[in-house]
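Have a look at the structure below before the remarks.
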Amino acid sequence: MKNIYFNHDGNIDDLVSYLLLLQAPDIKLLGVGAIDADGYIDPSVEACRKMTDLFNLRSDELTVARSNSRAVNQFPHEWRMATYSFNYLPMLNEKGHIDTKQAELPAHLDMVEKIKESKEPVTLVMTGPLTDLARALDTDPDIEKNIDMLYWMGGSLDGHGNVAIVNADGCQEWNAFWDPYAIKRVFDSNIKIQMVGLESTEELPLNDELRQHWASLRRYPAIDLVGQGYSMIVSIPSAELYLWDVLTTISALYPEVVETEQAHARVITDGLSAGSFVRDPNGREVTLVTKANKQLFFDKMDEILKRK
């Protein structure tokens, strides 16, 4: 049984990932922290507390930690607004109050506490920037010894990015660009890392066929919530979106869903290329996801979500 700590940045993909972890069998979810990046922090924390009330299928006593980490480069405002909409969904607000508490400690210290308290090595699943982990390592470097693996959605090793602003050259992925220095701190550790980069999920686009699949299964409350959540994301064919965060989460639960390769890379921390990665034989070894088994991925996703 895996002991998992989840840290995310509050957009729809992150919240769906949290839903999957709440319902996944054969794991212990130690805690969850939300960071103020791709989604606004307050509705992100609230939404996670409400989801915990409704969908936590285990006896894990969970609180939701609020990060006080700050961006080096903040996500675009327009991307971040979906968290507010998700938090207002009637399904999450029907009972009119929230039972799950906010954690007393900020997210990076909550992470330290949960890792130190775990009697078994901890699997970290992170679908946002790595800042809370970097700060946790600075606070107590010894936690590294009790981390089994980090599954991270971030970066790109093939040279393309999704950052299009004046102070970047376009080769960065946003989770990496948000805080390049945090990546370097984590890369300087000995933690084993599996990365889902922008190049990792081409088999898993968010498209009309997938939306219809969720609509046909809305009799399951968790799938209904997923379908409602993704209905808030409208993409154009030239900017097709993929299930990056969800693949990261599913691959942590079911490694057989993905194919990987070993790569050596280093992160650039400054200048117009800050937040981008270059392959470097002397760089940090990472396990890079290269391909996903589409059928198996969606089978596992549906199987988890149908549990409630």
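In UniProt numbering, the protein residues as written are 1 to 308.
A virtual CB, placed ideally from N, CA and C, is assigned to each residue, including glycine.
Pick helix, strand or coil for residue i, following the three-state DSSP scheme.
i	result
residue 358	No information on residue 358 is available, as it lies outside the stretch 1 to 308 that the chain covers here.
HIS108	helix
ASP299	helix
ASP13	helix
THR269	coil
SER238	Residue placement at SER238 is poorly supported in this model, since its pLDDT is 49, which falls under 50; the coordinates are not used for a value here.
PRO205	strand
MET91	helix
VAL45	helix
PHE187	helix
PHE75	coil
ILE27	strand
GLN102	strand
LEU20	helix
LYS306	coil
VAL163	coil
GLN172	coil
MET81	coil
LEU225	helix
LYS119	coil
SER251	helix
PRO129	coil
ASP245	helix
SER59	coil
So, is residue i buried or exposed, given that buried needs 16 or more other C-beta atoms within 10 angstroms?
i	result
residue 312	Beyond the ends of the chain as shown, which are 1 and 308, falls residue 312; an answer cannot be given.
SER238	Caution applies to SER238, whose pLDDT of 49 falls short of 50 and renders its modelled position unreliable; the model cannot decide the point.
ILE165	exposed
HIS97	exposed
PRO43	buried
LEU22	buried
VAL234	exposed
ARG70	exposed
GLN212	exposed
ASP13	buried
LEU124	buried
ASN11	buried
ALA231	Looking at the sequence itself, residue 231 is Ser, so the reference to Ala does not match. It is exposed - the Cβ of SER231 has fewer than 16 other Cβ atoms within 10 Å.
GLU78	exposed
ASN282	exposed
GLU113	buried
residue 311	Here the chain comprises residues numbered 1 to 308, so residue 311 is not present and cannot be evaluated.
LYS251	In the sequence under discussion, the amino acid at residue 251 is Ser, which differs from the Lys named in the question. By the 10 Å Cβ count, SER251 comes out buried.
ASP208	exposed
ARG135	buried
GLU173	buried
Is the beta carbon of residue i less than 8 Å from the beta carbon of residue j?
i	j	result
GLU240	PRO205	yes
LEU133	MET111	yes
PHE55	LYS308	yes
TYR84	TYR40	yes
TRP244	ASN73	no
ARG279	LEU157	yes
THR131	ALA168	no
ALA107	ASN7	yes
ASP26	ASP99	no
PHE86	ALA47	yes
MET91	THR127	no
ILE304	ALA24	yes
VAL64	ARG80	no
THR249	LEU20	yes
LEU62	GLY31	yes
ASP148	PRO129	no
ASP60	LYS95	no
SER118	ASN146	yes
VAL246	SER17	yes
Can you tell me which residues form a DSSP beta bridge with residue i?
i	result
GLU259	LYS291
TYR230	In the DSSP output, where bridge partners are listed per residue, TYR230 has none listed.
residue 309	Absent from the structure is residue 309, since the part of the chain shown begins at 1 and ends at 308.
GLY33	ASN7 and ALA65
LEU124	TYR5 and LEU150
HIS264	GLU285
VAL278	ARG266
- Query: When the Cβ atoms of the stretch 193–210 are set against those of the stretch 279–289, are three or more pairs found closer than 8 Å?
  - Reply: yes
- Task: Count the C-beta pairs between the stretch 32–40 and the stretch 134–142 that are closer than 8 Å, then say yes if the count reaches three, no if not.
- Result: no
- Query: Just checking, does the stretch 264–273 make contact with the stretch 212–231 on the three C-beta pairs under 8 Å criterion?
  - Reply: Flag = no, the stretch 264–273 and the stretch 212–231 do not touch.
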